[in-house]
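Here's the structure we're looking at; comments come further down.
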Amino acid sequence: MWRDHLTEIIVFSVLFLLVSAMGFVAARWRRPTDMAHLDEWGLGGRSFGGWITWFLVGGDLYTAYTFVAVPALMFGAGAAGFFAVPYTIVVYPLVFLVLIRLWSVSHRHGFVTPADFVRTRFDSPVLALLIAITGIVATMPYIALQLVGIEAVLKTMGVTGESTLARHLPIIIAFAILAAYTYQSGLRAPALIAFVKDSLIYVVILVTVIYLPYKLGGWGDIFDAADAKFQASPNPNDGILLNGNNQLQYVTLAFGSALALFLYPHSITGVLASRNRDVIKRNMSALPAYSLLLGLIALLGYMAIAAEVKPLPGASAGSVDNNTIVPLLFDKQFPDWFAGVAYAAIGIGALVPAAIMSIAAANLFTRNIYKEYLKRDASPAQEANVSKITSLVVKVGAVACIVFLDPQFSIDLQLIGGVIILQTLPAVALGLYTRWFHRTALIAGWVAGMGLGMWMLYQVASPTKKHFGGSAFPLEKFGFDTPKTIYVGIVAVLVNLAVAALLTLILRATRVSEGVDGTTPDDYFADEGDPRVTPGVERDADSAREPVA
């Protein structure tokens, strides 16, 4: 009953309303010259410094879903859930060299989305359209998953009802407020709120990892309790250590997730909002601090086992909702007021990434679909207005996913989203270093990788589904005599690259037109204050074809 959680509800509501007010105030923060422009509304004026960018990008990547799902995976499967820790360590050296080039070329040309870059780099509106659609499709379930985190908190506090409307009304209200201040303030809203969100999460986690081990008898007892649970599990892959059957899946999932993380449009949006190259360099060096936090968050799953937390019932009959174990752990082990603070950290942790994701998806639609195919002469004010409206539509779609679909289905869609966004790697990430790939070959590679990825995902079953039950593909379906599995995304993107490379050789041999590269080598090293390229002014074709150093 909600009356038993009245203190938690009050603390949660006060903090939630506080950050909502900050979201509306953000329109006046760092006063823009003109909010009726995508550079201002969608990228915060491209003016964010080191601290703002650190909180914004960190708040973008470490979401409410991370807060509840990583411990839930540790609670349910053990060591396999730790894949999230190494991949967030691996990713920063990988993207360090890529993102500064993307920022520079975007700064020089005024690019707002990765599809803008692909359109100019490869002279292919079709390839740019595929990149834009891929980004939007991969982002939608990610937004919906932020609702899963809020829903787990509301369920724990008893703020639910029997009917569909009563059960989801608090989430609908929360996202209506989010939609209102995002519409008004754009990227400035999540940038300002991220300070509060990350500070709350750091406080909650540090208090938890110091206090709970003391209360539960120490780390030795916590790991012993987790080990005892997994020893009794009927699933041989569960355990506090990886076994031979799941090591390949662990490695490929961690590496594939690292490659995918900064291909997501919302990750790129946070980076493009930075003031200069040095801001990005400092942030890529400092963001691994969040990986330490993530490792501590993951251990909450083992603490929940030691505390004998029992997850609440799931949406389907006989199932349980492991996403509720962290809120239940706070409810059981801490005073009501601190549990309310922890719930607010999770709830606010959903608002920041959901806002950035909806802005990123809206920018993709506006720049690469609306302006490219519907209204080529759209003014900056019209672009900003369309992007604002699209961001509202995106949020409505995310809420609909939760209201009308089983949340577990949305979680599976997020796994599929990683496979999908990886197919943009050849055109976006590799395209920043080389134009060797032919534009037609990149399209063919995308089709091959996406097709194989969807086929593989269709073959993956789970205890509740015959198809699309996860991203761990059984190698025995490829004819191997082994129970091992592999991450679908890695296989799909390797096939994508192989097809693109082979077809490039064929197309170059037959001298099929490659189009004109609209960028030049020095574009990839441009910095704050360097002159911008005037839109509509054509580059010299010979200099544009020079290879990028």
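Heads up, the sequence shown is in the numbering used here, so the first residue is 15 and it goes up one at a time. Note that the Cβ used here is the ideal one computed from N, Cα and C, for glycine as well. All values derive from a computational prediction rather than experimental measurement.
Listed in chain order, the alpha helix (DSSP H) elements of length 4 or more contained wholly in the region 391-451 are 394-418, 421-436, 439-442. Rounded to the nearest whole angstrom, the CA to CA distance from F38 to H182 is 24 Å. In the structure shown, the three-state DSSP call for Y501 is strand. Residue nearest to L516 within the set I114, V334, H452, L273 is H452 (criterion: CA-CA distance). DSSP lists D335 as the beta-bridge partner residues of L326. For P488, the uninterrupted beta strand (DSSP E) segment begins and ends at 486-488.
The C-alpha of R289 lies about 7 Å from the C-alpha of E542. In the DSSP assignment, L159 falls within the alpha helix (DSSP H) that extends over 139-170.
Distances from the alpha-carbon of S393 to those of W43, V28, D53, T21 put D53 closest. Just so you know, the alpha carbons of V293 and Y538 end up roughly 16 Å apart. Residue environment for Y106: buried (at least 16 other C-beta atoms within 10 angstroms of its C-beta).
For A98, the closest alpha carbon among the candidates A395, F269, Y156 is that of F269.
Scanning its chain for C-beta atoms nearer than 7 Å, with the 5 sequence neighbours on each side dropped, one finds around Q160 the residues T77, A78, Y79, A364, P367, A368, in chain order.
A direct Cα-Cα distance of roughly 43 Å separates S333 from R381. A check of alpha carbon separations from G58 across R133, D531, A205 identifies A205 as the nearest. A Cβ-Cβ separation of about 5 Å places P85 in contact with V340 under the 8 Å criterion. Annotated three-state conformation of S288 is strand, per DSSP. In the DSSP assignment, A50 falls outside any alpha helix (DSSP H), carrying neither H nor E. Under the three-pair Cβ rule at 8 Å, the region 147-155 counts as touching the region 428-440. G124 sits in coil when the DSSP states are folded into three classes, being neither helix nor strand. One Cα belongs to L275, the other to W117, and the distance between them is close to 16 Å.
A residue is called buried when at least 16 other Cβ atoms come within 10 angstroms of its Cβ; F348 meets this threshold and is buried.
Excluding its 5 nearest sequence neighbours in each direction, L519 has no C-beta neighbour in its own chain below 7 Å. For G315, the secondary structure class from DSSP, reduced to helix, strand or coil, is helix.
For the pair D238 and G92, the CB atoms are not nearer than the 9 Å cut-off. Closest in alpha carbon position to L306, among L429, Y216, F136, is Y216. Within the DSSP bridge table, the entry for F62 names S288 as partners. Secondary structure of G92 (DSSP, three-state): strand.
Restricting attention to K498, V442, I430, the CA atom closest to the CA of W469 is found in I430. Per DSSP, R546 is not a residue of any alpha helix (DSSP H), being assigned neither H nor E. If you compare the alpha carbons of P327, M464, K479, H51 with that of N399, the shortest gap goes to H51.
The residue from A514, A486, V410, A475 with its alpha-carbon nearest to that of P155 is V410. Residue burial is scored here from C-beta neighbours: Y101 has at least 16 other C-beta atoms within 10 angstroms and is therefore classed as buried. For a cut-off of 8 Å, the C-beta gap from R449 to R135 is around 7 Å, short enough to register as a contact.
Contact check for W351 and V25: beta-carbon distance about 6 Å, within the 8 Å limit, so the pair qualifies.
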